[in-house]
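Numbering-wise, the numbering used here puts 68 at position 67 of the sequence shown, and it's gapless, one number per residue.
Glycine included, each C-beta is placed from N, C-alpha and C at the ideal position.
Quantities reported herein were computed from a predicted structural model and do not represent experimental measurements.
Down below is the structure, laid out as structure tokens.
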Amino acid sequence: NSFIVSSRTFYVGLVGINEEHAKELGIEVITQKLTAPIRPHYMPTSKDITLKLIARVDDGKILGLEVIGEEKVDVNVNYVTIAIQAGMTVYNLMDIDFCYAPAVSETIYPLVKAADAITRKLERKKERK
Numbered sequence: 002n003s004f005i006v007s008s009r010t011f012y013v014g015l016v017g018i019n020e021e022h023a024k025e026l027g028i029e030v031i032t033q034k035l036t037a038p039i040r041p042h043y044m045p046t047s048k049d050i051t052l053k054l055i056a057r058v059d060d061g062k063i064l065g066l067e068v069i070g071e072e073k074v075d076v077n078v079n080y081v082t083i084a085i086q087a088g089m090t091v092y093n094l095m096d097i098d099f100c101y102a103p104a105v106s107e108t109i110y111p112l113v114k115a116a117d118a119i120t121r122k123l124e125r126k127k128e129r130k
């Protein structure tokens, strides 16, 4: 299930399960929270978006997303809705070739930055074993 609520200045979006719910279900998760611009910093319309991507530890399967920002909240919720329904992992998400145009998007999409951070965390966990 996904949804978005709005206030006068920002939107909050959720899809899938959050970290607490996953723990209640006995699912070990790994998360990445980050704040990143939705457009290059030099664009006058650049604004930040904050998101928290939730994935399963054993295989990196995407389980959920929490996102807040003034713009592009719906897009991120929709991307992760598709990813969850398709059974995608954070590794799959990193392989997607997202559109880049300075007026509308950052060079590396914030969602991909979060997926990359989770993959690095997962690789470090594997190295420790």
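So residue i is in the alpha helix (DSSP H); what residue range does that whole segment cover?
| i | result |
| --- | --- |
| K126 | P111 to R129 |
| I83 | V74 to Q86 |
I need the DSSP call for residue i, collapsed to helix, strand or coil.
| i | result |
| --- | --- |
| L94 | helix |
| A23 | helix |
Under DSSP, the beta strand (DSSP E) around residue i begins and ends at which residues?
| i | result |
| --- | --- |
| V16 | Y12 to G17 |
| K53 | D49 to R57 |
By Cβ distance, which residues of its chain are closer than 6 Å to residue i, with the 5 residues on each side in sequence left out?
| i | result |
| --- | --- |
| V6 | V13 |
| I63 | A56, A84, I85 and M89 |
Beta-carbon within less than 7 Å of residue i's beta-carbon, same chain only, minus the 5 sequence neighbours each way: which residues are those?
| i | result |
| --- | --- |
| N19 | I55, G65 and E67 |
To the nearest angstrom, how far is the alpha carbon of residue i from that of residue j?
| i | j | result |
| --- | --- | --- |
| G27 | A115 | 23 Å |
| T10 | T36 | 17 Å |
| R57 | L112 | 16 Å |
State the beta-bridge partners of residue i as determined by DSSP.
| i | result |
| --- | --- |
| E71 | In the DSSP output, where bridge partners are listed per residue, E71 has none listed. |
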